[in-house]
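A.B. asks: According to our numbering, the sequence shown is numbered sequentially starting from 14. Virtual Cβ for every residue (Gly too), placed ideally from N, Cα, C. Values in this document were obtained by computation on a predicted structure and should not be read as measured data. Just passing along the structure, written as structure tokens.
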Amino acid sequence: MSHSPLLSICIPTYNRAALLRNALEAIAAETVFREGNDIEVTISDNVSTDETPDVAAEFVKRFPGKIIYFRQPEAVDPHFNFKNSLDIATGRWLKLLNDRAVFEPGKLAVLLDFHRRAESIDAGVCFTNEAFPPPGSDGFHCFHNPEELLKHVSVILANIALYSFRSDLYHAVPDPFRRWELYFPHIDLTFRLMLAGHPAAVSDGKYYIFQLNKYHQRNEAAIFDGGYLKLLEEYRAMGAITPESYRFEKKNALLMQIIPLYFDFHGKFNDAPCPGFRVFWRSTPRYHREWYYYLIIPCVFIYRWLCSLPIPDSVHRLIREIYLFIHRGSPEVAQIRQREMDEKKVNNH
Numbered sequence: 014m015s016h017s018p019l020l021s022i023c024i025p026t027y028n029r030a031a032l033l034r035n036a037l038e039a040i041a042a043e044t045v046f047r048e049g050n051d052i053e054v055t056i057s058d059n060v061s062t063d064e065t066p067d068v069a070a071e072f073v074k075r076f077p078g079k080i081i082y083f084r085q086p087e088a089v090d091p092h093f094n095f096k097n098s099l100d101i102a103t104g105r106w107l108k109l110l111n112d113r114a115v116f117e118p119g120k121l122a123v124l125l126d127f128h129r130r131a132e133s134i135d136a137g138v139c140f141t142n143e144a145f146p147p148p149g150s151d152g153f154h155c156f157h158n159p160e161e162l163l164k165h166v167s168v169i170l171a172n173i174a175l176y177s178f179r180s181d182l183y184h185a186v187p188d189p190f191r192r193w194e195l196y197f198p199h200i201d202l203t204f205r206l207m208l209a210g211h212p213a214a215v216s217d218g219k220y221y222i223f224q225l226n227k228y229h230q231r232n233e234a235a236i237f238d239g240g241y242l243k244l245l246e247e248y249r250a251m252g253a254i255t256p257e258s259y260r261f262e263k264k265n266a267l268l269m270q271i272i273p274l275y276f277d278f279h280g281k282f283n284d285a286p287c288p289g290f291r292v293f294w295r296s297t298p299r300y301h302r303e304w305y306y307y308l309i310i311p312c313v314f315i316y317r318w319l320c321s322l323p324i325p326d327s328v329h330r331l332i333r334e335i336y337l338f339i340h341r342g343s344p345e346v347a348q349i350r351q352r353e354m355d356e357k358k359v360n361n362h
């Protein structure tokens, strides 16, 4: 491109050629991408051994100058492949994505408008909350500190595909992915920018369909306990997050992320069986002194036992619907409902 685009969509990938094709086709289908000059796409390939290079080459040929493909000379940690997709981008905003995320029709233009509005308030970070805005709200928010942001978006903050960083600030921050070993360098970078005086702009709205893809033997309990909560503890110690917000987020992470993804009751998230309770116990030391931990875990085992019985699926669905009804109105249940809608859309395709 002869000028810097407003938005760089940065996609790291590895051996998911079919998912990458779907993600790129959704972008290519948007008029704002095909006919405008405000968007570029960067792809960083972590030495894929499938058809990923061919898929990328096809789109680079179709959209020369608008789609940039880079193949790592040798495999690197996935976080550094993500970082590389940002480093090779030239846009004013660096939109983190992943090859699982497919834009909803028409949402790319909305995303551009969101970033233009964010520029008007000198935001350093943009975040798409993947939640429906409350009645009477346009869904745009400006938060000035980590505490405000955490209260609004909660554990959804963990999803790296929902972020954009202002390019000049990203490149000015020393070692922007410094906490990569905690698995959530994007949260650390966001909080650093906010504490430096750059607010976070948040858009409550549905932008993506997330394609189904199973992780390879991933221990979500260890990732969230040893990474997400550890990072929040560091910012709590700095006074950027209150003890009350940390305690709430700690419980929320257990209920909404750790338990569903670790135990994977219906085999949706991992390609290997659950490692079992002994590994779970060792992976969650931060919860060993929490009273609710010892109430929740027996319920998990009862539910696992029920799932193993020859009970009609309709009964399992009824139990689940009762639980969701009891907690209706919460942001977490809204996220679950949205995930169900995404799965239906993917299955229909």
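In terms of DSSP beta bridges, what is THR141 paired with?
C.D. replies: DSSP, once it has assigned bridges, lists SER216 as partnering THR141.
A.B. asks: Since ALA102 and GLU53 are thought to touch, with beta carbons under 8 angstroms apart, how far apart are those beta carbons, to the nearest angstrom?
C.D. replies: Right, the Cβ-Cβ distance comes to about 7 angstroms (below 8 angstroms), so this counts as a contact.
A.B. asks: Please name the residue or residues paired with CYS287 in a DSSP beta bridge.
C.D. replies: Partner(s): none; CYS287 has no beta bridge.
A.B. asks: Express the C-alpha separation of ILE22 and ALA174 in angstroms, rounding to a whole number.
C.D. replies: For ALA174 and ILE22, the distance between alpha carbons rounds to 10 angstroms.
A.B. asks: Should the region 77-94 be regarded as contacting the region 185-200, the criterion being three or more beta carbon pairs within less than 8 angstroms?
C.D. replies: The region 77-94 vs the region 185-200: in contact.
A.B. asks: Out of ALA39, LYS263 and PRO256, point me to the one whose CA is closest to GLU117's CA.
C.D. replies: Considering only alpha carbons, the answer is ALA39.
A.B. asks: According to DSSP, simplified to helix, strand and coil, what is SER61?
C.D. replies: SER61: coil per DSSP, three-state reduction.
A.B. asks: So PRO159 and ILE315 are supposed to be a Cβ contact under 8 angstroms. How far apart are they, rounded?
C.D. replies: The pair is not a contact, with the Cβ atoms about 37 angstroms apart (cut-off 8 angstroms).
A.B. asks: Given that a residue counts as buried once 16 or more other Cβ atoms are within 10 Å of its Cβ, and exposed if not, what is SER133?
C.D. replies: Classification for SER133: exposed.
A.B. asks: Where does THR255 sit, in a helix, a strand or coil, going by DSSP?
C.D. replies: THR255: coil per DSSP, three-state reduction.
A.B. asks: At 3 residues or longer, what runs of the beta strand (DSSP E) sit wholly inside the region 94-174?
C.D. replies: Runs found: 106-109, 114-116, 138-141 and 153-156.
A.B. asks: Using three-state DSSP, classify THR203 as helix, strand or coil.
C.D. replies: If DSSP states are grouped into helix, strand and coil, THR203 belongs with the helices.
A.B. asks: Give the DSSP bridge partners of ILE22, in chain order.
C.D. replies: DSSP lists VAL54 and LYS108 as partners of ILE22.
A.B. asks: Could you tell me the distance, in whole angstroms, from the CA atom of ARG105 to the CA atom of ILE309?
C.D. replies: Whole-angstrom Cα-Cα distance: 45 angstroms.
A.B. asks: Which residue spans inside the region 219-247 form an unbroken alpha helix (DSSP H) run of at least 4?
C.D. replies: List check, alpha helix (DSSP H) in window: 233-236.
A.B. asks: DSSP puts ARG260 in a beta bridge; with which residues?
C.D. replies: Answer by DSSP bridge pairing: none, since ARG260 is not bridged.
A.B. asks: Can you tell which of ILE24, GLY78 and THR65 has the C-alpha that lies nearest to the C-alpha of GLU48?
C.D. replies: Ranking the options by Cα distance to GLU48, first place goes to GLY78.
A.B. asks: Hey, could you find the ends of the beta strand (DSSP E) SER177 is sitting in?
C.D. replies: Start and end: 176-179.
A.B. asks: Quick one: what's got a C-beta closer than 6 angstroms to GLU257's C-beta in the same chain, skipping five residues either side?
C.D. replies: Same-chain partners within the cutoff: there are none.
A.B. asks: The beta strand (DSSP E) that contains ARG84, what's its start and end?
C.D. replies: Its beta strand (DSSP E) spans residues 80-84.
A.B. asks: Straight-line CA distance for LEU110 to THR55?
C.D. replies: Distance between the alpha carbons of LEU110 and THR55: 10 angstroms.
A.B. asks: Can you look up ARG295 in the DSSP assignment and give me helix, strand or coil?
C.D. replies: Three-state DSSP puts ARG295 in a helix.
A.B. asks: Applying the criterion that 16 or more other CB atoms from any shown protein chain within 10 Å of the CB defines a buried residue, is TYR305 buried or exposed?
C.D. replies: So TYR305 counts as exposed.
A.B. asks: Can the beta-carbon of SER177 be found less than 7 angstroms from the beta-carbon of LYS120?
C.D. replies: Cβ distance not < 7 angstroms, so SER177 and LYS120 don't count as in contact.
A.B. asks: Near PHE156, what residues of its chain come up, given a Cβ to Cβ distance below 7 angstroms and the 5 sequence neighbours on each side ignored?
C.D. replies: LEU162, HIS165, PRO212, ALA213 and VAL215, listed in sequence order.
A.B. asks: Which term fits ALA4, buried or exposed, when burial requires 16 or more other beta carbons within 10 angstroms of its beta carbon?
C.D. replies: Nothing about residue 4 can be reported from this structure: the residues present for the chain run from 14 to 362 only.
A.B. asks: Is the distance from the Cβ of LEU182 to the Cβ of LEU206 below 7 angstroms?
C.D. replies: The answer is yes: Cβ separation under 7 angstroms.
A.B. asks: Tell me the residue span of the alpha helix (DSSP H) that contains GLU38.
C.D. replies: 30-41 is the span of the alpha helix (DSSP H), which, as asked, contains GLU38.
A.B. asks: Which class does SER17 belong to by DSSP, given the choice of helix, strand or coil?
C.D. replies: It is coil, neither helix nor strand.
A.B. asks: Taking all protein chains shown into account, decide if CYS139 is buried (16 or more other Cβ within 10 angstroms of its Cβ) or exposed.
C.D. replies: So CYS139 counts as buried.
A.B. asks: Would you kindly work out how many angstroms separate the C-alpha atoms of HIS128 and ARG295, rounded to a whole number?
C.D. replies: Rounded to the nearest angstrom, the two C-alpha atoms are 42 angstroms apart.
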